[in-house]
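So the structure is just underneath, and the comments pick up after that.
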Amino acid sequence: MNQVGSLALIGALAFSVFGMVAGAVAGKMRSMRVLKSAERAALAFWVMIAVAVVALEYMIFTNDFHNAYVAQHSNRDLWGAYKVAALWAGQEGSLLFWTFLLAGYGGFAVLLNRKKNRQLMPWVISIVMATGVFFSSLVFFIANPFGELSLVAANGTVTPFRAAEGNGLNPLLQYHSMVIHPPMLYLGYVGFVVPFAFAMAALITKQLGDNWIRATRRWTMVPWMFLGVGILLGGQWAYAVLGWGGYWGWDPVENASFLPWLGGTAFLHSVMIQEKRGMLKVWNVVLVITTFFLCIFGTFLTRSGVVQSVHAFAESNIGPYFAVFIAIILLFSLTLLFLRLDYLKSENKLDSVISRESGFLFNNWVLLAMVFAVLWGTIFPVISKAVQNVTVTVGPPFFNKVAIPIGLILLFLTGAGPLLAWRKTSFQSLKRNFTVPLAVAVGVGAVLLFLGVRDLYAWMTLFLCIFTGVCILGEFYKGARTRSRMRGENFFAAIYNLTMQNTRRYGGYVIHLAMVFLFIGFAGLAFKSETKALMNEGDLIHIKDYMLRCDSLTGGDDPNYTYRRAVFSVTKNGHPIGSIHPERRFYKASQQPTSHVAIKASLAEDLYVVLDGEDPDTNKAIIEVFVNPLVDWVWIGMTVLLFGSLLAMVPSRVEKEMAEIRKPKAEAVEERHAF
Amino acid sequence: MRSSRAVGGRQKAVGSRQKAVGTRASGGVGLAAWLRSLPCKVGESLVLLAAVVLFVSSALGAAPKPTLKSVGQKVYCLCGCVTTLEHCPHPPSECSMRAEMEALIMKDIDAGKDEAAILQDFVNRYGVQVLAAPPAKGFDLTAWVLPGVGLIVGLVVVILIVRRMRKPSSEPAEAPPASIDPKLLAAMEEEMKTSGLGTRD
Numbered sequence: 003m004n005q006v007g008s009l010a011l012i013g014a015l016a017f018s019v020f021g022m023v024a025g026a027v028a029g030k031m032r033s034m035r036v037l038k039s040a041e042r043a044a045l046a047f048w049v050m051i052a053v054a055v056v057a058l059e060y061m062i063f064t065n066d067f068h069n070a071y072v073a074q075h076s077n078r079d080l081w082g083a084y085k086v087a088a089l090w091a092g093q094e095g096s097l098l099f100w101t102f103l104l105a106g107y108g109g110f111a112v113l114l115n116r117k118k119n120r121q122l123m124p125w126v127i128s129i130v131m132a133t134g135v136f137f138s139s140l141v142f143f144i145a146n147p148f149g150e151l152s153l154v155a156a157n158g159t160v161t162p163f164r165a166a167e168g169n170g171l172n173p174l175l176q177y178h179s180m181v182i183h184p185p186m187l188y189l190g191y192v193g194f195v196v197p198f199a200f201a202m203a204a205l206i207t208k209q210l211g212d213n214w215i216r217a218t219r220r221w222t223m224v225p226w227m228f229l230g231v232g233i234l235l236g237g238q239w240a241y242a243v244l245g246w247g248g249y250w251g252w253d254p255v256e257n258a259s260f261l262p263w264l265g266g267t268a269f270l271h272s273v274m275i276q277e278k279r280g281m282l283k284v285w286n287v288v289l290v291i292t293t294f295f296l297c298i299f300g301t302f303l304t305r306s307g308v309v310q311s312v313h314a315f316a317e318s319n320i321g322p323y324f325a326v327f328i329a330i331i332l333l334f335s336l337t338l339l340f341l342r343l344d345y346l347k348s349e350n351k352l353d354s355v356i357s358r359e360s361g362f363l364f365n366n367w368v369l370l371a372m373v374f375a376v377l378w379g380t381i382f383p384v385i386s387k388a389v390q391n392v393t394v395t396v397g398p399p400f401f402n403k404v405a406i407p408i409g410l411i412l413l414f415l416t417g418a419g420p421l422l423a424w425r426k427t428s429f430q431s432l433k434r435n436f437t438v439p440l441a442v443a444v445g446v447g448a449v450l451l452f453l454g455v456r457d458l459y460a461w462m463t464l465f466l467c468i469f470t471g472v473c474i475l476g477e478f479y480k481g482a483r484t485r486s487r488m489r490g491e492n493f494f495a496a497i498y499n500l501t502m503q504n505t506r507r508y509g510g511y512v513i514h515l516a517m518v519f520l521f522i523g524f525a526g527l528a529f530k531s532e533t534k535a536l537m538n539e540g541d542l543i544h545i546k547d548y549m550l551r552c553d554s555l556t557g558g559d560d561p562n563y564t565y566r567r568a569v570f571s572v573t574k575n576g577h578p579i580g581s582i583h584p585e586r587r588f589y590k591a592s593q594q595p596t597s598h599v600a601i602k603a604s605l606a607e608d609l610y611v612v613l614d615g616e617d618p619d620t621n622k623a624i625i626e627v628f629v630n631p632l633v634d635w636v637w638i639g640m641t642v643l644l645f646g647s648l649l650a651m652v653p654s655r656v657e658k659e660m661a662e663i664r665k666p667k668a669e670a671v672e673e674r675h676a677f
Numbered sequence: 012m013r014s015s016r017a018v019g020g021r022q023k024a025v026g027s028r029q030k031a032v033g034t035r036a037s038g039g040v041g042l043a044a045w046l047r048s049l050p051c052k053v054g055e056s057l058v059l060l061a062a063v064v065l066f067v068s069s070a071l072g073a074a075p076k077p078t079l080k081s082v083g084q085k086v087y088c089l090c091g092c093v094t095t096l097e098h099c100p101h102p103p104s105e106c107s108m109r110a111e112m113e114a115l116i117m118k119d120i121d122a123g124k125d126e127a128a129i130l131q132d133f134v135n136r137y138g139v140q141v142l143a144a145p146p147a148k149g150f151d152l153t154a155w156v157l158p159g160v161g162l163i164v165g166l167v168v169v170i171l172i173v174r175r176m177r178k179p180s181s182e183p184a185e186a187p188p189a190s191i192d193p194k195l196l197a198a199m200e201e202e203m204k205t206s207g208l209g210t211r212d
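Just so you know, the protein sequences line up as chains A and B, in that order.
Using my numbering, read the first sequence as starting at 3 and increasing by one per residue.
Using my numbering, read the second sequence as starting at 12 and increasing by one per residue.
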């Protein structure tokens, strides 16, 4: 199987080189025959990488410990779903998986554009395949997952070796959301290659109208959605596995995934100005380059060992290759942008400062300020080391101080932006639209103060959540009320029809609501309580309204791990609310312990219990209990974010009508540029 | 049973004075003049807002009384977990470094030291990298200053862009193009009507 995998990688590398060259030749010579070859090469690249993935998974499932990667990251008793996850548990496998997703995106782009965007596609294929050349070379030459275990004798003789048992998957990764969190995140990172490729193709072909923007809207939404949901699933994993009662630690790897999401968010907003008003054309290209750069930079940070991280793969030698690749991307894209500046002139002027256009500009300002602040904090240890030869740490105290104020401005714009009209908003309209949300927010803010909310950031966050929530719900309400009056529709039917009529706009509003839910969850962090105790059977622990009684402390054996389990009966304000049983597991293959947190969740707060091992002096169980208010709102926000993103991608009636109207023009353009 | 100890989150109320700026809209000419002057006013207000937000955020830094939790949030555990001491995933029974660092905090708290003195003890013993955020002095000050500078410079750039992109007030309003496709126009009108949102899309 190692040979099959290696051969597939060689094939993938060959097809990616061919696809890259053939795409460029097809674009340059305007040859349909060569374009078809490039398309087939892109699909063959996908198939070859898929074969390599299947070969590695086959070896993982059949416990083929001849393979060094399998021996390092799997073991016989590993549960099936985690055997799938072992594919991305190590450097080599995860790079192979990255390449597989890249090939998948490239393949889908080819299949979905067989009859459209013909002038752009040769260059799109060429650029996606160029990225494919880099990653398949990396997987084949530098981080090959098909290496065999071998024994080297004193005289230098090398003999193949098969381990009796594998080292097993890192225990921290043996959690259900780790089966879907990394693929989601990778789908996000990798997917931005398609809008980047379209932007570069538009620059090369000088087709710089809003065609490439329209062609890539869903190609941008998809990775943006995956990245957002992937980041939050990572938070859910950290919350349930790491046992410190939180879900975000501003770790460099977490930051690395957050940065392209911010860049993508700025791009998704900014493109609307180009579509509606033909403005900000240069800016949109800059944003798509920035986002793709941040994706590759994030991958580089995760894997190079340049910065220390709780999630990072072991330090490796792939950093310099990434640095060169990043330099090539920036040099190529920025040179191309500079050469095409004359074709990127704005078609319109700004009618008024108080308008949707300027609202989007300010939104971009805040998002990019956040990108800068987080990026600066993340790489500052490296800069400090280079400048003053002192390694400093930049952790949560820095990021919380710097990012929270920026986040609050962003939350305000999330509510205020949709209230601004395109071109010009009158003062009266501004007053009319803002009065109710502000009044409700001030009212609720006063109640919060009365209820004892004294933490400034938490109060401001909840105040702005109310403001933004009312702004967004008000948009649904006003639209549905008008529709209901004009067409006599039931109010709820009017909301449904209104949403389906313009899924892009209302899907976007649903995403804004998701942000409100997320920020409600973030505000809860200010009210966290925790306690810690050494406990035996029969002992009680008290925290806020909860009383926990330790009913039993038992141990057990699973094929994959041994465990110690504490069972608590829980009462709240004296009323029984069930039992909760945290575990401490010791994984046999990797010889590593890990906590399995028990959580009793509700919308108001989570009761979060960790069995932290055993006190060596007293043999009592070390129990940590947290009461984490409002955490569930973060997961609700994640679900709403997913729903809103999917909704925004559903073709709406308006979109279909507009496409129908544009069809003759689009066909004429296609014909004009046909090979 | 060891008595349980609830560790509450640090809460600090920061008073802030807000100066209300009255606006006047007394008829067409006044409103137009006010709107024309907006780039400057909006820009200045936002710069001021950004400065206030950054000031308030920096004012929130000092902790009143040290606790294991408050110091544990400000130092990194050096066991290799790459997280703050508070978030170290290894229990003290399994992590000698965490146990040692927590013991040092408790010893200093018992000795009546304030948070700054405890953190200095940590720096003396483990080096500056033990701090979870760089000290705000020397070259490390740039870590703190540049995000704020970036925010303000970005804002100035946006204001300049808005000013440059803005249509001169003398320029007449655009007339709708005569060649607009009637089907497109009908679709747009239908969309605006049913959404009830006027020109807001």
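Here a beta-carbon is modelled for each residue, glycine too, at the ideal position from N, C-alpha and C.
Every value quoted in this text rests on a predicted model; they were computed, and no experiment measured them.
Minimum C-alpha distance to residue i - residue among the options
i	options	result
A:LEU114	A:TRP221, A:LEU229, A:GLY168 and A:LEU205	A:TRP221
A:PHE494	A:GLY307, A:ARG483 and A:ASP541	A:ARG483
A:TRP81	A:GLY476, A:GLN93 and A:ASN65	A:ASN65
A:GLU349	A:GLY232, A:GLU359, A:LEU282 and A:LEU542	A:LEU282
A:GLY558	A:VAL36, A:LEU171, A:HIS577 and A:PHE588	A:PHE588
A:LEU270	A:PRO184, A:ALA242 and A:ALA650	A:ALA650
A:TYR508	A:TYR107, A:VAL656, A:HIS583 and A:ALA155	A:VAL656
A:ALA199	A:VAL273, A:VAL611 and A:SER335	A:SER335
A:GLY21	A:PHE302, A:VAL36, A:MET31 and A:ARG487	A:VAL36
A:VAL288	A:GLY265, A:VAL438 and A:PHE465	A:GLY265
In DSSP terms, what residue i is bridged to
i	result
A:LEU303	Answer is none; A:LEU303 lacks a bridge partner.
A:CYS552	A:PHE570
B:TYR87	B:THR95
A:THR161	A:LEU153
A:LEU609	A:LYS602 and A:VAL629
A:ARG358	None, per the DSSP bridge assignment.
A:GLN594	A:TYR589
N-terminal and C-terminal residue of the beta strand (DSSP E) that residue i is part of
i	result
A:LYS602	600-603
A:TYR589	585-589
Continuous alpha helix (DSSP H) stretch holding residue i: start and end
i	result
A:LEU339	321-341
A:GLU539	Unbroken run through A:GLU539: none, as it is neither H nor E.
A:ILE582	Note, A:ILE582: premise wrong, no alpha helix (DSSP H); beta strand (DSSP E) at 577-582.
A:ILE522	505-525
Proximal chain D residues relative to residue i, where beta-carbon distance stays under 8 Å
i	result
B:SER104	Any reference to chain D falls outside this structure, whose protein chains are A and B.
8 Å Cβ cut-off: residues of chain B touching residue i
i	result
A:MET281	MET176
A:PHE260	Per Cβ cutoff of 8 Å: no residues; A:PHE260 is ~15 Å from chain B at best.
A:LEU363	VAL169, ILE172 and VAL173
Closer than 7 Å: residue i CB and nearest the ligand ZN heavy atom
i	result
A:THR484	Absence of the ligand ZN from the depicted structure is noted, as is the absence of any ligand whatsoever, leaving it without description.
Chain B contact residues for residue i, given Cβ-Cβ distances below 9 Å
i	result
A:PHE469	Neighbours of A:PHE469 on chain B: none; closest Cβ ~15 Å, over 9 Å.
A:THR393	GLY138, VAL139 and GLN140
Neighbour list for residue i in chain A, Cβ cutoff strictly below 9 Å
i	result
B:PRO253	Look at the range of chain B in this structure, 12 to 212, and you will see that residue 253 of chain B is not part of it.
B:VAL134	By Cβ distance, chain A contributes nothing, its closest Cβ being about 11 Å from B:VAL134, past 9 Å.
Amino acids of chain B, ordered along the chain, whose beta-carbon sits closer than 7 Å to that of residue i
i	result
A:PRO185	By Cβ distance, chain B contributes nothing, its closest Cβ being about 24 Å from A:PRO185, past 7 Å.
Interface residues of chain A facing residue i [CB-CB closer than 7 Å]
i	result
B:LEU144	Checking the displayed sequence, the identity of residue 144 of chain B turns out to be Ala instead of Leu. By Cβ distance, chain A contributes VAL396, GLY397, PRO399 and PHE400.
B:PRO158	PHE374, ALA375, TRP378 and VAL404
B:ALA147	Chain A residues near B:ALA147: none, gap ~10 Å exceeds 7 Å.
Review point. Counting pairs of Cβ atoms below 8 Å between the region 495-504 of chain A and the region 390-404 of chain A, do you hit three or more?
Key: Taking 8 Å as the limit for Cβ pairs, the verdict is that the region 390-404 of chain A does not touch the region 495-504 of chain A.
Exercise for review: Could you say if the region 413-422 of chain A and the region 354-374 of chain A meet the contact criterion of at least three C-beta pairs nearer than 8 Å?
Suggested key: Yes, since at least three Cβ pairs between the region 413-422 of chain A and the region 354-374 of chain A fall closer than 8 Å, the two stretches touch.
Exercise for review: Examine the Cβ distances between the region 626-633 of chain A and the region 200-214 of chain A and report whether three or more of them are shorter than 8 Å.
Suggested key: Put simply, the region 626-633 of chain A does not touch the region 200-214 of chain A. Fewer than three CB pairs are less than 8 Å apart.
Check your understanding: For the 8 Å Cβ check, are there 3 or more pairs between the region 376-385 of chain A and the region 118-129 of chain B?
Key -> Pairwise C-beta distances place the region 376-385 of chain A out of contact with the region 118-129 of chain B, as fewer than three of them are shorter than 8 Å.
Review point. Taking one C-beta from the region 324-332 of chain A and one from the region 116-126 of chain B each time, how about it: are there three or more such pairs within less than 8 Å?
Key: Segments in contact, no.
Point to revise | Sufficient close CB pairs (3 or more, under 8 Å) joining the region 76-83 of chain B to the region 95-106 of chain B | key: Cβ pair count under 8 Å is three or more, so yes.
**Study point:** Cβ contact check for the region 232-244 of chain A and the region 143-152 of chain A: 3 or more pairs under 8 Å
**Key:** Counting Cβ pairs under 8 Å, fewer than three are found: no touch.
Check your understanding: On the three-pair Cβ rule with 8 Å, is the region 569-587 of chain A touching the region 632-639 of chain A?
Key -> Taking a cut-off of 8 Å for Cβ pairs, the region 569-587 of chain A and the region 632-639 of chain A do not touch, as fewer than three such pairs fall below it.
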